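Position 14, counted from 1, in the sequence shown is what the working numbering calls 67; the numbers after and before it change by one each time, with no gaps.
By construction, the Cβ of each residue, glycine as well, lies at the ideal position given by its N, Cα and C atoms.
Note that the structure is predicted; figures quoted are calculated from it, not measured.
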Amino acid sequence: ALAVRAVPALHDGRRLPVGRRHAHALGYVVEGEARTYFAGDTGLFEDMAKEVGPVDTALLPVGGWGPYLGEGHLNAGRAAEALALLGAADAVPVHYGTYWPIGMDAVRPHEFHAPGHEFERLAARHAPEAVVHRLDHGGSVRLGGTR
């Protein structure tokens, strides 16, 4: 059996910055033999570990594009801090290297793939006990263990 629990996320909830439509942002904890946290679009928030609970694996967004997207998004540094708070044994950086707005290659080309590498580096400092699994497109990793 598999259980899926919706947990809070810190995100604006609008698709467009000036949009009127708004939805509550969510992350998910998927629990079977192990517990996995999929953060969704979120920023770092004080009660993250309390709201999420103990997890074995954290799938954390790392492509915050520097200061431009603000507090409602994790970049590599804030994701490494989140990993330390969560205490997960394994982490998979997500939400980078896929969406590339027109013109970004001329302005900030390094921001496309760099967040995954940067998260690996910063996670080693903030959460040295965690193993980071940076996957290429189509890649996979098999993780085990339970809390």
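> Is the stretch 103-118 touching the stretch 82-90, taking contact as three or more C-beta pairs under 8 Å?
Replying inline: A contact exists between the stretch 103-118 and the stretch 82-90.
>> Using the Cβ count rule (16 or more neighbours within 10 Å means buried), how would you classify V194?
In response: It counts as exposed.
> Looking at A133 and L175, is the spacing between their C-beta atoms short of 8 Å?
Replying inline: yes
>> Please list the terminal residues of the continuous beta strand (DSSP E) segment that includes R218.
In response: The structure shown does not extend to residue 218, since the chain is modelled only from 54 through 200, so no value can be given for it.
>> Since P114 and H148 should fall inside the 8 Å C-beta cutoff, what is the C-beta to C-beta distance between them, to a whole number of angstroms?
In response: 3 Å between Cβ atoms; contact.
>> I'd like to know whether the C-beta atoms of A62 and L79 end up nearer to each other than 8 Å.
In response: yes
> Distance, Cα to Cα, E173 vs A135?
Replying inline: 13 Å
> On the premise that M101 lies in contact with L127, defined as a C-beta separation below 8 Å, what is that separation, rounded to the nearest angstrom?
Replying inline: 10 Å between Cβ atoms; not a contact.
> Would a C-beta distance cut-off of 8 Å place V185 and A142 closer than the cut-off?
Replying inline: no
> Expressed to the nearest angstrom, what Euclidean distance is found between the alpha-carbon atoms of V82 and A183?
Replying inline: 18 Å
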